[in-house]
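There are 2 protein chains.
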Amino acid sequence: MPKTDSDLNVSREATSLRLLVENRLRSAIGSGVFKPGQRLIERELCEQTGVGRTSIREALRQLEAEGLVTTIPHRGPIVSTITADEAAQLYDLRALLEGFAGRECARRRDPVIIERLRTQHERMSAVAGNEDRSDLLAAKTEFYAALLEGCGNVFVERFLKMLLNRVTVLRMTSMTQPNRIGRSLHEIGTILTAIENGDQDGAEQACVQHINNAAAIALEALRRGET
Amino acid sequence: MPKTDSDLNVSREATSLRLLVENRLRSAIGSGVFKPGQRLIERELCEQTGVGRTSIREALRQLEAEGLVTTIPHRGPIVSTITADEAAQLYDLRALLEGFAGRECARRRDPVIIERLRTQHERMSAVAGNEDRSDLLAAKTEFYAALLEGCGNVFVERFLKMLLNRVTVLRMTSMTQPNRIGRSLHEIGTILTAIENGDQDGAEQACVQHINNAAAIALEALRRGET
DNA sequence: ACTGACCGATTGTCTGACAATCTGTCAAGC
DNA sequence: GCTTGACAGATTGTCAGACAATCGGTCAGT
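From first to last, the protein sequence lines are chains A and B.
Going by the working numbering, the first residue of the first sequence is number 331, and it counts up by one from there.
Going by the working numbering, the first residue of the second sequence is number 331, and it counts up by one from there.
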């Protein structure tokens with residue numbers, strides 16, 4: 331959504347190889363191509379990506395710092411696993427941060443952000459019935475992205491992005507996609523309305539509530555599947 | 331503080347070079363040996379540390395992920411600078427997280443943690459009058475470490491550690507060490523008491539208040555020094 | 001004063017190499 | 001049969017050397 335079309339962003343395709351690899355791996359992990367606990371062997375990654383070990387290793391360091399992979403000394407990196415306990419902690423923190431983000435969005439009431447939130451909410455409603463969930467997921471992701479940016483705190487934004495990556499992996503371990511769509515959509519509508527109205531407490535609570543509901547289901551599934 | 335002496339920790343000196351370098355650099359930045367904005371040239375670091383470029387680069391990637399250094403493409407890493415605006419955001423988030431930690435400590439009331447908090451508080455009182463501030467700083471650091479561990483949330487712990495590293499750098503840019511010691515000590519006492527009493531709201535508020543006070547002074551100094 | 005070509009510095013990346021370390025196996029010993 | 005110890009294979013951790021790409025500044029030319 332370029333504000334004006336004097337948008338001369340050349341989008342810098344020429345990012346470093348390291349970053350490309352990093353993003354590739356991140357999405358591979360996020361989409362479940364690499365499953366939690368799976369070993370990631372450097373040489374294999376080299377072959378699969380066609381880049382040297384240097385770039386692979388540096389990308390892995392980055393992912394390690396984000397917590398997406400865990401490196402076992404002299405054994406190599408594996409896709410991070412997460413215990414039910416840690417997952418609960420993850421959701422606790424996410425609720426805290428997202429509540430903060432919601433509150434700040436409501437306080438700032440940036441019209442650009444609100445417009446983006448509204449657009450994505452409508453988009454979600456439109457595709458909610460589709461068999462294929464990918465559109466819904468994409469819209470939801472965009473909604474969150476707008477929420478994070480809207481909070482105006484780069485640290486919150488960065489941390490929440492990390493947490494979201496981890497949550498995505500979690501979803502992979504326990505394919506939690508029950509028919510919660512309707513209620514989820516409604517909750518997001520509540521968030522949106524509160525932000526539009528500048529209702530800070532309401533926005534915060536709605537965000538927290540939304541995460542807590544999601545957490546309850548995810549954790550339930552996780553415990554059932556693992557323990 | 332080994333609980334029992336059946337503590338068979340062999341303390342694993344044999345960490346990887348990369349980690350050693352990483353910690354070295356982190357503390358060099360934290361202690362102001364490397365100043366914000368300063369370039370960190372790989373070859374120089376190689377000479378200074380005596381390790382190869384591989385290890386240096388991987389360590390830098392880690393620090394970059396933590397936000398301590400910023401890499402400019404084809405120019406190399408510099409010690410991250412921070413604007414007054416970002417500093418305010420940093421403190422906002424820190425207040426949020428530390429408030430959470432305080433609340434959780436008060437809720438859990440882990441006797442081991444409380445003991446550690448108490449010890450450090452007393453230690454702080456004892457050395458508060460010293461000319462040399464390093465003891466005081468060390469005790470304060472330990473107090474925070476106990477608080478973070480006590481909250482029982484690994485994610486909060488990790489994120490707060492990152493933020494604290496950044497704050498330390500901030501202190502370097504603006505040597506903010508006014509005679510706030512007395513009040514600071516009192517605030518920490520308030521936190522401790524609330525936690526001991528299991529007063530969750532009180533602990534949270536005390537933590538938030540403490541950070542906000544620190545933030546006000548730091549930001550004041552920062553704005554005066556930069557703008 | 002502006003333009004543009006040139007040059008040194010530095011990163012980004014690859015290759016090949018080697019020691020250190022982990023894991024699993026398999027035979028020897030109780 | 002079960003434990004112990006030794007051995008081999010796999011993989012990482014680290015280094016050195018190399019080279020193209022790119023950035024920043026200089027300096028001559030207009």
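C-beta: ideal position from N, C-alpha, C; glycine also.
Check your understanding: Can you list the residues of chain B that A/Val-409 reaches, using a CB-CB cut of under 9 Å?
Key -> What you label residue 409 of chain A is simply residue 79 of the first sequence in a count that begins at 1. What A/Val-409 touches in chain B: nothing, since even the nearest Cβ is about 17 Å away.
Check your understanding: Grouping DSSP H, G and I as helix and E and B as strand, with all else coil, what is B/Thr-557?
Key -> For the purposes of this step, residue 557 of chain B is taken as the residue at position 227 of the second sequence. Caution is warranted here: a pLDDT of 49 is assigned to B/Thr-557, below 50, making its placement in the model unreliable, and the coordinate value is therefore given only provisionally. If DSSP states are grouped into helix, strand and coil, B/Thr-557 belongs with coil.
**Study point:** Same chain, Cβ closer than 6 Å to A/Gly-532, five either side skipped, listed in chain order
**Key:** To locate residue 532 of chain A, count along the first sequence from 1; it is residue 202. Cβ within range, chain order: Ala-524.
Review point. Using the beta-carbon count (16 or more within 10 Å), is B/Asn-353 buried or exposed?
Key: In the second sequence, the residue the question calls residue 353 of chain B occupies position 23. Result: exposed.
Practice item. Identify every residue that forms a DSSP beta bridge with B/Ile-402. Key: Taking the second sequence and counting its residues from 1, one reaches residue 402 of chain B at position 72. Answer by DSSP bridge pairing, in chain order: B/Gly-406.
Point to revise | Cβ-Cβ separation, B/Leu-427 to B/Thr-522 (assumed contact under 8 Å), whole Å | key: Counted from its first residue, the second sequence places residue 522 of chain B at position 192. Counted from its first residue, the second sequence places residue 427 of chain B at position 97. The question names Thr, yet the displayed sequence has Leu at residue 522 of chain B. B/Leu-522 to B/Leu-427, Cβ: 18 Å. No contact.
Check your understanding: What is the DSSP secondary structure of B/Arg-501, counted as helix, strand or coil?
Key -> Here residue 501 of chain B corresponds to residue number 171 of the second sequence, with the count starting at 1. Note: B/Arg-501 maps to helix in three-state DSSP.
**Study point:** Where the alpha helix (DSSP H) through A/Glu-416 begins and ends
**Key:** The sequence position of residue 416 of chain A within the first sequence is 86, counting from 1. That run of the alpha helix (DSSP H) goes 414-438.
Review point. Can you give the beta carbon distance from A/Leu-420 to A/Val-497, rounded, assuming they're within the 8 Å contact cut?
Key: Position 90 of the first sequence holds residue 420 of chain A. Position 167 of the first sequence holds residue 497 of chain A. Their Cβ separation, rounded to whole angstroms, is 7 Å, which keeps A/Leu-420 and A/Val-497 in contact under 8 Å.
**Study point:** Backbone CA spacing between B/Val-457 and B/Ile-443 [nearest angstrom]
**Key:** Translated into positions along the second sequence, residue 457 of chain B becomes position 127. Translated into positions along the second sequence, residue 443 of chain B becomes position 113. The straight-line gap from Cα to Cα measures roughly 21 Å.
Practice item. Classify A/Arg-463 as helix, strand or coil using the three-state DSSP reduction. Key: Reading the first sequence from its first residue, position 133 is the one you call residue 463 of chain A. Looking at A/Arg-463 - three-state DSSP - the assignment turns out to be coil, as it is neither helix nor strand.
Review point. Alpha carbon to alpha carbon, what distance is there between A/Arg-513 and A/Leu-466?
Key: Here the question's residue 466 of chain A lines up with position 136 in the first sequence. Here the question's residue 513 of chain A lines up with position 183 in the first sequence. The alpha-carbon atoms of A/Leu-466 and A/Arg-513 are separated by roughly 14 Å.
Point to revise | Helix, strand or coil at B/Arg-369 [DSSP, three-state] | key: Locating residue 369 of chain B in the second sequence gives position 39, counting from the first residue. B/Arg-369: strand per DSSP, three-state reduction.
Practice item. State the start and end residues of the unbroken alpha helix (DSSP H) segment that holds A/Thr-384. Key: Position 54 of the first sequence, counting from 1, holds the residue named residue 384 of chain A. A/Thr-384 -> alpha helix (DSSP H) spans 383-396.
Review point. Hey, is A/Arg-387's beta-carbon within less than 8 Å of any beta-carbon in chain B?
Key: Residue 387 of chain A sits at position 57 when you count from the first residue of the first sequence. Output row for A/Arg-387: interface = yes.
Review point. Using a Cβ-Cβ distance under 8 Å, would A/Gln-450 count as near chain B?
Key: Working through the first sequence from its first residue, we reach residue 450 of chain A at position 120. No, because no Cβ of chain B sits closer than 8 Å to the Cβ of A/Gln-450.
**Study point:** Contacting residues, own chain, Cβ-Cβ under 8 Å from A/Asn-527 (five flanking each side not counted)
**Key:** One-based indexing of the first sequence puts residue 527 of chain A at position 197. Around A/Asn-527: Ala-436.
Review point. Cα separation between B/Pro-403 and B/Glu-445?
Key: Locating residue 403 of chain B in the second sequence gives position 73, counting from the first residue. Locating residue 445 of chain B in the second sequence gives position 115, counting from the first residue. Answer to the nearest angstrom: the Cα atoms are 48 Å apart.
Practice item. Leaving out five residues on either side along the sequence, give the residues of the same chain with a beta carbon under 7 Å from the beta carbon of A/Arg-356. Key: On the first sequence, residue 356 of chain A is found 26 positions in, with the first residue counted as 1. Around A/Arg-356: Leu-393, Leu-398, Asn-495.
**Study point:** Distance CB(B/Ile-359)-CB(B/Val-538) smaller than 8 Å
**Key:** Indexing the second sequence from 1 puts residue 359 of chain B at position 29. Indexing the second sequence from 1 puts residue 538 of chain B at position 208. Contact flag unset, no.
Check your understanding: With burial defined as no fewer than 16 other Cβ atoms inside 10 Å of the residue's Cβ, what is the status of A/Ser-361: buried or exposed?
Key -> Taking the first sequence and counting its residues from 1, the one referred to as residue 361 of chain A is at position 31. Answer is exposed; the Cβ neighbour count stays below 16.
Check your understanding: Any beta-carbon of chain B closer than 8 Å to the one on A/Arg-483?
Key -> Within the first sequence, residue 483 of chain A is the residue found at index 153, counting from 1. The question names Arg, but residue 483 of chain A is Asn in the sequence shown. Taking Cβ atoms only, chain B reaches closer than 8 Å to A/Asn-483, which makes this a yes.
**Study point:** Same chain only: Cβ atoms within 6 Å of B/Asn-424, ignoring 5 sequence neighbours per side
**Key:** By one-based count along the second sequence, residue 424 of chain B stands at place 94. Checking the sequence, you will find Arg at residue 424 of chain B rather than Asn. Contacts found: Leu-493, Ile-541.
Exercise for review: Leaving out five residues on either side along the sequence, give the residues of the same chain with a beta carbon under 7 Å from the beta carbon of B/Leu-396.
Suggested key: Counting from 1 along the second sequence, the entry for residue 396 of chain B is found at position 66. A quick correction: the sequence has Glu, not Leu, at residue 396 of chain B. Cβ within range, chain order: Met-492, Asn-495.
Practice item. Quick one: give me the first and last residue of the alpha helix (DSSP H) that B/Ala-458 is part of. Key: Locating residue 458 of chain B in the second sequence gives position 128, where the first residue counts as 1. No alpha helix (DSSP H) contains B/Ala-458, which DSSP labels as neither H nor E.
**Study point:** Which listed residue (B/Thr-413, B/Glu-388, B/Thr-384) has its alpha carbon closest to that of B/Pro-366
**Key:** Looking up residue 366 of chain B in the second sequence gives position 36. That would be B/Thr-413, whose Cα lies nearest to the Cα of B/Pro-366.
Exercise for review: Since I believe A/Ala-468 is in contact with A/Ala-574 (beta carbons under 8 Å), could you give me their beta-carbon distance rounded to a whole number of angstroms?
Suggested key: Not covered by the structure: residue 574 of chain A. The range shown for chain A is 331 to 557.
Check your understanding: So, is the C-beta of A/Glu-416 closer than 8 Å to a C-beta in chain B?
Key -> Within the first sequence, the letter at position 86 stands for residue 416 of chain A. Yes, because at least one Cβ of chain B sits closer than 8 Å to the Cβ of A/Glu-416.
Review point. Are the C-beta atoms of A/Gln-535 and some chain B residue less than 8 Å apart?
Key: Along the first sequence, read from residue 1 onward, the residue named residue 535 of chain A stands at position 205. Not one chain B Cβ lies under 8 Å of A/Gln-535.
Check your understanding: Rounded to whole angstroms, how far is the Cβ of A/Glu-388 from the Cβ of B/Arg-369, which I believe are closer than 8 Å?
Key -> The count along the first sequence starts at 1 and reaches residue 388 of chain A at position 58. The count along the second sequence starts at 1 and reaches residue 369 of chain B at position 39. Their Cβ separation, rounded to whole angstroms, is 19 Å, which puts A/Glu-388 and B/Arg-369 out of contact at 8 Å.
**Study point:** A/Pro-407 classed as buried or exposed, judged by whether at least 16 other C-beta atoms fall within 10 angstroms
**Key:** The count along the first sequence starts at 1 and reaches residue 407 of chain A at position 77. A/Pro-407 should be labelled buried.
Check your understanding: Would you report the Cα separation of A/Glu-517 and A/His-451, rounded to the nearest angstrom?
Key -> Mapped onto the first sequence, residue 517 of chain A falls at position 187. Mapped onto the first sequence, residue 451 of chain A falls at position 121. C-alpha separation (whole angstroms): 11 Å.
Check your understanding: With burial defined as no fewer than 16 other Cβ atoms inside 10 Å of the residue's Cβ, what is the status of B/Ile-386: buried or exposed?
Key -> Here residue 386 of chain B refers to the residue found at position 56 when the second sequence is read from its first residue. Counting Cβ neighbours within 10 Å, B/Ile-386 comes out buried, since at least 16 surround it.
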